[in-house]
Amino acid sequence: EVAFFTLNGTWLGLYGREALAEDATVPAEGHGFESFALAHNVYSEIEVDEVVAQAVNAGATLVKK
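Each residue of the sequence shown is one higher than the one before, counting from 7 in my numbering.
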């Protein structure tokens, strides 16, 4: 379950730890899962690919595609 809140020009989504881990396809327990995620919404699949490539090139770890 997730709760979304409209803020000034953006959204805040609150997930439970277990639900967020499941969505990220990582174990909820143990080292390495900080229960935190950022989302970046774009207008097209092409933009998704561009943003993901920029993040990975900057050192991000892609955990779900």
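We treat Cβ as the ideally placed atom computed from N, Cα and C, and that holds for glycine.
- prompt: Would you say Y19 and V32 are within 7 Å of each other, going by their C-beta atoms?
  reply: The sequence shown places Gly at residue 19, not Tyr. No, Cβ-Cβ distance for G19 and V32 is not below 7 Å.
field: Three-way DSSP call (helix, strand, coil) for A27 in this model
entry: helix
task: Taking only the alpha-carbon atoms, compute the straight-line gap between R23 and L68 and give it to the nearest angstrom.
output: 19 Å
query: CB-CB under 7 Å to V54, same chain, minus the five flanking residues each way: which ones, in chain order?
result: V48
message: Taking only three categories from DSSP, how would you classify A9?
response: strand
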